[in-house]
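Participant: Just so you know, the protein sequences line up as chains G and F, in that order. Our numbering numbers the first residue of the first sequence as 5 and each following residue consecutively. Our numbering numbers the first residue of the second sequence as 5 and each following residue consecutively. Positions of the beta carbon are idealized from the N, C-alpha and C atoms, including for glycine.
2 protein chains.
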Amino acid sequence: MQIDQSSDRAVYRQIADILRQAINDGTYGPGARLPSENELAKTYGVTRVTARRAFGELAAEGLTVSQHGRGVFVRSSPVIIRAGMNRFSRKRREAGDGAFAAEVKRLGMTPSQKLLEVGAIDPPGYVAELLKLSEGDQTVVRRRIMFADDVPMQLADSYFPASLAAGTKLVEQDSGPGGSYARVEEAGHMLTRFREDLTARMPTPDEARTLQLAGGVPVVQLVRVAYDQNDVPVEVFDSVVAADKYSFSYEFAAPE
Amino acid sequence: MQIDQSSDRAVYRQIADILRQAINDGTYGPGARLPSENELAKTYGVTRVTARRAFGELAAEGLTVSQHGRGVFVRSSPVIIRAGMNRFSRKRREAGDGAFAAEVKRLGMTPSQKLLEVGAIDPPGYVAELLKLSEGDQTVVRRRIMFADDVPMQLADSYFPASLAAGTKLVEQDSGPGGSYARVEEAGHMLTRFREDLTARMPTPDEARTLQLAGGVPVVQLVRVAYDQNDVPVEVFDSVVAADKYSFSYEFAAPE
DNA sequence: GAGTGGTCTAGACCACGAC
DNA sequence: TCGTGGTCTAGACCACTCG
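1. Identify every run of the alpha helix (DSSP H) within the region 82-135 of chain G, keeping only runs that are complete inside it and at least 4 residues long; order them along the chain.
2. State the CB to CB distance for the pair V188(F) and E239(F), rounded to an integer number of angstroms; the pair is presumed to be in contact (CB under 8 Å).
3. Only counting the same chain, and skipping five residues up and downstream in sequence, which positions put a Cβ closer than 7 Å to that of R52(G)?
4. Using a Cβ cut-off of 7 Å, pull out every chain F residue sitting near V224(G), in sequence order please.
5. Hey, out of A258(F), L120(F), V245(F), whose CA is closest to F198(G)'s CA?
6. Return no unless some Cβ of chain F is closer than 7 Å to the Cβ of M89(G).
7. Ignoring anything shorter than 3 residues, give me the beta strand (DSSP E) runs that lie fully in the region 148-231 of chain G, in order along the chain.
8. Three or more C-beta pairs under 8 Å: does that hold for the region 238-255 of chain G against the region 79-87 of chain F?
9. Please find out if some non-hydrogen atom of the ligand SAH comes closer than 6 Å to the beta-carbon of N234(F).
10. Could you tell me which residues DSSP puts in a beta bridge with Y254(G)?
11. In whole angstroms, give me the CA-to-CA distance for Q25(G) and K118(F).
12. With 7 Å set as the bound, which would you pick, yes or no: does the beta-carbon of D12(F) sit closer than that to a beta-carbon of chain G?
13. So what does P237(G) bridge to, in DSSP terms?
14. Spatial neighbours of Q71(F) within its chain, please: C-beta separation below 7 Å, excluding the five flanking residues on both sides.
15. Let me see if you follow: with CB-CB separation under 7 Å, is R199(G) close to chain F or not?
16. Just to make sure I have the definition right: I need the residues of chain F whose C-beta is within less than 9 Å of the C-beta of R94(G). Which are they?
17. Using a Cβ-Cβ distance under 7 Å, would L195(G) count as near chain F?
18. Alpha carbon to alpha carbon, how far is T196(G) from R2(G)? Give it in angstroms, no decimals.
19. Note down, in chain order, every chain F residue with its Cβ under 9 Å from the Cβ of F151(G).
20. From the beta carbon of S243(F), is the nearest beta carbon of chain G less than 7 Å away?
21. State the Cα-Cα distance for the pair R147(F) and Q9(G), rounded to the nearest angstrom.
22. Helix or strand or just coil, what does DSSP make of D29(F)?
23. For G75(F), which beta-bridge partners are listed by DSSP?
24. For L23(G), which residues from the same chain have a beta carbon less than 7 Å from its beta carbon, with the 5 sequence-adjacent residues on both sides left out?
25. Could you compute how far the alpha carbon of K173(F) sits from the alpha carbon of M150(F)?
26. Among the candidates P222(F), P181(F), L137(F), D242(F), whose CA atom is the shortest distance from the CA of D101(F)?
27. Are S93(F) and D201(G) close, meaning C-beta to C-beta below 7 Å?
28. Just the C-alpha distance for D141(F) and R228(F), rounded to the nearest angstrom, thanks.
29. Quick one: Cα of M60(F) to Cα of R17(G), how far?
30. Give me the DSSP bridge partner(s) of A246(G).
31. Assuming the contact rule is C-beta atoms closer than 8 Å, A14(F) and A64(G) should be a hit. Round their C-beta distance to whole Å, please.
32. Pick helix, strand or coil for V50(F), following the three-state DSSP scheme.
33. Report the rounded CA-to-CA distance for V144(G) versus L159(G), giving the unit in angstroms.
34. Residues of chain F with a CB under 7 Å from the CB of A166(G): which are they?
35. Consult DSSP for R13(F) and reduce its assignment to one of helix, strand or coil.
36. Per DSSP, what are the beta-bridge partners of R57(G) in this structure?
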């Protein structure tokens with residue numbers, strides 16, 4: 005494979021094309037080290053800057069990661085958490101695990117979380133709307149980072165109406181066994197229905213840092229509303245997850 | 005806001021931070037033109053290359069788009085298609101619209117599609133598995149690009165068991181009113197259940213070109229399996245959509 | 001034609017990692 | 001120590017857009 009200096013396609017893109025092809029056909033497998041920038045520059049008769057840009061393309065596509073002082077490597081696929089609808093099973097709650105903990109354990113990893121904030125706040129506008137709150141109503145927010153084997157997987161903010169959360173463990177550091185939803189049900193609100201909205205986008209620099217994201221990895225933002233037996237919204241759950249660590253799965257009947 | 009040459013944070017990142025802040029606080033609204041590369045270089049006392057890298061950061065985050073010869077602009081949010089579960093309503097099919105066409109019309113736009121391929125093929129492995137086909141069984145594939153007002157929105161590949169599609173309009177250029185699903189039901193397979201799996205990732209160069217994606221826009225890959233009244237899989241639908249043009253919405257009851 | 005972004009060169013200094 | 005990637009400069013030529 006050679007570079008065509010007279011081509012319309014920029015040289016760095018041509019080099020990226022060659023490397024991409026080599027990655028896709030297995031010449032460089034997951035975790036393999038690619039040629040160094042200097043080697044690449046020499047091979048194709050360009051400066052190091054141009055070689056770097058080729059790597060930049062691949063990194064932006066999520067194909068490679070660079071490591072300072074070590075080299076550029078083909079990204080290896082991480083374990084994927086399959087988030088299905090049955091993750092909110094009451095059985096699981098009664099077994100003492102929340103949705104996240106149960107799934108992580110199923111994959112043979114150890115779940116943990118770091119609580120960033122818990123307390124009563126004036127809710128963001130979209131939360132107030134989804135919870136159908138009146139002007140001035142407060143919410144209890146629980147902000148946390150969820151880990152699997154100490155790898156950050158998910159930013160998770162839960163909002164509960166303050167009237168519901170008051171006097172429960174939802175306002176404490178440790179919300180107790182079975183996760184937040186177990187506390188909601190103990191407060192007399194049986195969870196009957198969920199609604200989830202998903203969008204994908206590139207992370208903010210903050211999110212990229214907190215989730216330890218490599219370049220070229222999008223995030224999925226999931227907003228869930230949980231409703232009780234009276235169809236009253238009892239929680240808004242706003243989470244951001246690394247797209248390369250999650251897949252989402254839904255089953256539903258054909259509507260009329 | 006000033007640049008700190010002695011900071012650990014690279015100068016181009018500091019410039020990107022400043023611009024990002026200005027975009028987020030509304031100094032530069034959607035569609036607004038940012039300073040030119042030369043202006044930026046002069047303002048912050050760096051070379052144009054460094055100024056460019058600052059813009060590169062923002063573009064990778066999906067915040068800006070550059071236009072050759074015109075300038076760098078704040079990305080304006082496109083119309084978002086909300087893909088809900090009710091998009092497979094039989095009523096809609098009977099009204100003559102498929103799921104995509106109905107949603108696009110609802111937004112006041114004109115749906116269209118370009119058929120790339122239709123015919124019998126040996127299915128990819130994951131399709132054969134999902135359709136529970138035997139070795140050697142063929143599928144009829146329909147590959148198309150879906151447009152809204154001539155803007156490409158979605159790559160959509162449908163796979164049907166050849167035994168089902170034979171002799172129907174599914175093998176013709178125009179599959180007829182109500183979309184493919186109307187033909188499936190006419191063939192005696194009432195659609196009763198769907199399963200959708202979603203993942204997000206950065207696009208391949210091919211996908212980026214076909215979907216006319218700007219930099220920093222991920223794609224969502226959606227794989228759906230449709231089941232008939234006997235719980236037999238009758239279609240695998242594999243689609244790739246621009247993440248900035250879609251959100252996905254699901255409702256479900258609490259499982260036991 | 002003037003200004004814009006797109007590409008590339010040649011060289012430099014730095015920080016990190018492995019031997 | 002040496003090779004790696006990370007950053008930056010100074011300057012060049014090109015293609016595109018707009019008046």
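Facilitator: Considering the structure as presented:
1. Every alpha helix (DSSP H) of 4 residues or more that sits fully in the region 82-135 of chain G is shown, in chain order, as 94-98, 103-110, 129-134.
2. 6 Å
3. Here the set comprises E41, N42, A45.
4. What V224(G) touches in chain F: A204.
5. The candidate whose alpha carbon is nearest that of F198(G) is A258(F).
6. yes
7. 155-165, 195-205
8. no
9. Judged by which ligands are present, the structure shown has none, so any question about the ligand SAH falls away.
10. E200(F)
11. Q25(G) and K118(F): Cα-Cα distance of roughly 28 Å.
12. no
13. Y231(G)
14. F77
15. yes
16. A258, P259, E260
17. Closer than 7 Å to some Cβ of chain F, the Cβ of L195(G) qualifies, so yes.
18. For chain G, the structure presents residues 5 to 260; residue 2(G) sits outside this window and is missing.
19. Per Cβ cutoff of 9 Å: no residues; F151(G) is ~21 Å from chain F at best.
20. no
21. 35 Å
22. coil
23. Q71(F)
24. So the list reads L38, A58, L62, once near-sequence residues are dropped.
25. 19 Å
26. P181(F)
27. no
28. 20 Å
29. Looking at the sequence shown, residue 60(F) is not Met but Gly. The alpha-carbon atoms of G60(F) and R17(G) are separated by roughly 16 Å.
30. V223(G)
31. Actually they are not in contact, since the Cβ atoms of A14(F) and A64(G) sit about 17 Å apart, beyond 8 Å.
32. coil
33. 17 Å
34. Correct list: empty, because the minimum Cβ distance to chain F is about 23 Å.
35. coil
36. Within the DSSP secondary-structure output, R57(G) pairs in no beta bridge.
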